[in-house]
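Anchor point for the sequence shown: position 137 equals 137 in UniProt numbering, and the numbering is continuous, going up by one each time. No residue lacks a Cβ here, since even glycine has one placed at the ideal position from N, Cα and C. These numbers were taken from a predicted model, which means no experiment stands behind them.
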Amino acid sequence: MPNESPHHTPLAYEYDFRASAVLWLFLVPALGGFLFGYDIGGTSFVVVQLASMRASSMSLKDSPIKTGWIVSSPSAGALLGTAFLMYLESLRDVRDRDATNRRRSKRRWPAPIGRRTELRYSGILYAVGGILQYLSAFSPETTKSLFSPFFLLSLGRWIYGAGIGFAMHGGPTYLAETMPPSVRGMVVGGKELAIVVGILVGFVAGNALTRVDGDEDAGWARVYASTLLASIGVIGLSFTIPESARYLVGRQQEELCANSSHESSATDPLRGETEQERTTRIVSTQVLESLKFVWNPSAALSEHRKLMAIFHRQLQQQQQRHDEEESPSLSLWDPYVRPALRAGLGLVILQQVTGQPSVLSYATPILARVPGLSGNASVILAIFKLLATSVSVVLVETRGRKTLLTVGCSLMFAALLVLTFAFSEQAATGSFDDDPVPSELDARSILTLLGMFAYIAGYQVGFGPIAWLMISEVFPQSVRGKAVALAVLANFALNAIVQFLVPILRSTLGMSRTFFVFGALAAYSVYFVQTSVPETKGLTLEEIEEGLAALASKSVTGAKTDEEERTDENTAHEERVQLLSTSSTPV
């Protein structure tokens with residue numbers, strides 16, 4: 001990657017954008033993230049109340065399958081919602097192939113719906129899901145149709161989960177494309193902060209609303225009904241923000257290339273301009289209006305000139321590819337996308353396989369066994385996560401992405417080694433559930449406490465906010481929608497797989513060896529970050545794309561003999577490390 005240039009320092013952009021506009025744009029994705037976290041925190045109390053109910057079809061007492069279904073339904077819904085978004089993105093490739101093969105299909109292929117519209121739909125899905133979950137508490141118990149209480153609750157959970165998928169796909173992408181480079185990391189990382197705030201508020205709301213005197217059976221439903229206000233906020237605020245300028249540029253490039261050369265060169269007799277000229281004029285106006293929302297007038301004009309120059313250059317390249325019978329848009333598996341794909345998907349995979357979904361899921365019961373924390377473990381964890389995430393958000397623009405990822409993964413590795421030692425006295429098939437609760441702090445309790453909090457700190461400083469920031473930054477504009485959708489799919493799928501496998505590992509290997517496996521993967525994560533993840537601090541998305549394209553071109557241009565490859569091996573490695581490095585200030 002190219003090194004940061006002086007004009008990309010935070011001071012250079014200090015007076016170029018409107019801070020109030022940045023905050024306003026942040027609110028919609030932040031509310032989407034908040035509702036995601038709120039469901040995690042609130043549901044942990046809902047399942048407790050449903051398990052205590054006896055004479056009800058909603059009761060989860062002695063029913064681990066129903067409990068697992070209710071808890072996991074939003075993740076399944078998120079997978080479904082993200083798969084739908086990826087389907088819309090994939091239809092673009094079909095349209096491009098038709099145009100390349102000179103076939104003008106009569107069918108109009110659905111287009112991707114846009115970043116802003118995705119956020120709006122996420123709010124609608126959140127609202128519908130929340131309403132159905134609330135109404136399920138009042139559906140007649142005798143109903144055996146599709147409106148039975150448990151079915152309504154399940155349907156609401158799936159629809160709410162689809163909203164999570166839309167929010168997780170559209171939110172980081174929209175913020176990355178609209179934010180000035182000097183605050184992009186802080187703002188996109190702030191969405192992770194909003195998720196953690198949602199978890200904390202969900203804990204508080206769940207604790208309060210599931211204990212309402214006189215209406216105990218319906219108290220849990222109020223946890224879900226309370227999401228309606230924030231959902232309406234997402235919908236309403238989405239009408240007050242502009243579409244991403246970069247999305248507008250990319251979409252119109254594809255539309256022009258999808259049309260035949262005859263259609264693009266046909267002259268409008270009223271205006272005396274070709275279809276391509278008319279489209280370019282409309283795009284230019286839309287892009288300028290979008291930029292003026294965030295940037296001050298002079299800066300908006302400067303950014304507009306840069307984006308339109310990129311628009312014309314990339315349009316020429318796409319039309320050349322079209323004329324050469326190639327698809328005008330890049331494929332997700334194109335060799336020039338590989339460095340970005342390796343970095344982005346690699347972070348998502350390592351984020352999950354280092355134990356995040358499992359260790360954090362077991363954090364509350366583990367810490368509850370530490371004397372003095374049994375009644376407040378969940379809230380203490382949420383507050384600590386909030387503080388650790390805040391540190392990362394504050395430091396991301398000064399210390400850099402790679403530095404925080406390296407520090408976070410290193411801290412996770414050290415913490416997992418401590419947890420390995422803390423649980424080493426258990427038998428291979430032991431379980432912390434079977435151990436007596438100590439009456440006072442002993443050495444093992446102290447190690448458990450230190451290890452667990454250090455692990456959480458490492459994750460929230462590194463993978464938590466930074467992984468999604470990198471995913472929203474590293475992919476080229478033409479494949480960003482598909483790539484982020486693939487990353488979200490991988491995230492939720494791996495989350496479910498790891499959560500499924502951890503109890504098996506725990507029963508066969510024991511907690512100590514399970515933590516050791518995660519620790520080894522955390523150690524590899526440090527190596528991966530240093531060798532495969534670019535530093536993007538202070539760079540525009542176009543500069544990031546150009547840097548990774550230059551890196552990819554070194555591996556796809558010109559085949560070499562075995563002797564030449566051996567001769568250039570060290571040089572190529574040094575160049576690769578240099579391209580992926582930057583002058584970030586060390587911690």
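Three-way DSSP call (helix, strand, coil) for residue i in this model
i: residue 117; result: helix
i: residue 17; result: strand
i: residue 158; result: helix
i: residue 274; result: strand
i: residue 295; result: strand
i: residue 451; result: helix
i: residue 147; result: coil
i: residue 333; result: coil
i: residue 540; result: coil
i: residue 52; result: helix
i: residue 545; result: helix
i: residue 40; result: helix
i: residue 424; result: coil
i: residue 139; result: coil
i: residue 243; result: coil
i: residue 210; result: coil
i: residue 303; result: helix
i: residue 535; result: coil
Beta-carbon spacing of residue i, residue j below 9 Å
i: residue 116; j: residue 174; result: yes
i: residue 541; j: residue 177; result: yes
i: residue 200; j: residue 379; result: yes
i: residue 490; j: residue 348; result: yes
i: residue 407; j: residue 469; result: no
i: residue 479; j: residue 331; result: yes
i: residue 335; j: residue 493; result: no
i: residue 183; j: residue 17; result: yes
i: residue 131; j: residue 228; result: yes
i: residue 196; j: residue 382; result: yes
i: residue 169; j: residue 464; result: no
i: residue 412; j: residue 459; result: yes
i: residue 498; j: residue 352; result: yes
i: residue 30; j: residue 194; result: yes
i: residue 76; j: residue 161; result: yes
For residue i, the first and last residue of its enclosing alpha helix (DSSP H)
i: residue 470; result: 463-474
i: residue 218; result: Looking at the DSSP string, residue 218 is not in any alpha helix (DSSP H), and its letter there is neither H nor E.
i: residue 491; result: 480-532
i: residue 400; result: Neither: residue 400 is in no alpha helix (DSSP H) and is coded neither H nor E.
i: residue 477; result: Taken as a continuous stretch (DSSP letters only), residue 477 belongs to no alpha helix (DSSP H), as it is neither H nor E.
i: residue 344; result: 338-353
i: residue 179; result: Premise fails: residue 179 is in no alpha helix (DSSP H) and is neither H nor E.
i: residue 231; result: 228-238
Same chain only: Cβ atoms within 7 Å of residue i, ignoring 5 sequence neighbours per side
i: residue 206; result: 41, 42, 44, 45, 46 and 223
i: residue 384; result: 453 and 456
i: residue 450; result: 418
i: residue 306; result: none
i: residue 356; result: 459 and 463
Identity of the residue in the options nearest residue i by Cα
i: residue 166; options: 33, 180 and 277; result: 33
i: residue 532; options: 69, 395, 346 and 485; result: 346
i: residue 522; options: 410, 66 and 78; result: 410
i: residue 289; options: 553, 241, 309 and 315; result: 241
i: residue 236; options: 128, 343 and 123; result: 123
i: residue 140; options: 134, 148 and 133; result: 148
i: residue 192; options: 119, 387, 19 and 513; result: 387
i: residue 471; options: 504, 337 and 518; result: 337
i: residue 73; options: 153, 134, 20 and 507; result: 153
i: residue 300; options: 285, 38, 314 and 312; result: 285
i: residue 88; options: 24, 485 and 344; result: 485
i: residue 549; options: 502, 477, 497 and 506; result: 477
i: residue 158; options: 461, 29, 530 and 36; result: 36
i: residue 68; options: 48, 53, 81 and 82; result: 48
Cut-off 6 Å between Cβ atoms - residues of its own chain near residue i, not counting five sequence neighbours on either side
i: residue 138; result: none
i: residue 466; result: 401, 404 and 405
i: residue 342; result: 532
i: residue 155; result: 132
Neighbourhood of residue i by C-beta distance below 8 Å, restricted to the same chain and skipping five residues each side
i: residue 120; result: 234, 235, 238 and 239
i: residue 544; result: 1, 473, 474, 534 and 536
i: residue 446; result: none
i: residue 292; result: 300
i: residue 462; result: 392, 404, 405, 406, 407, 408, 409, 411 and 412
Cβ-heavy atom distance, residue i to the ligand HEM, below 8 Å
i: residue 245; result: This structure simply doesn't include the ligand HEM, nor any ligand for that matter.
Minimum Cβ-Cβ distance from residue i to chain B less than 9 Å
i: residue 494; result: Note that chain B does not occur in the displayed structure, where there is just one protein chain.
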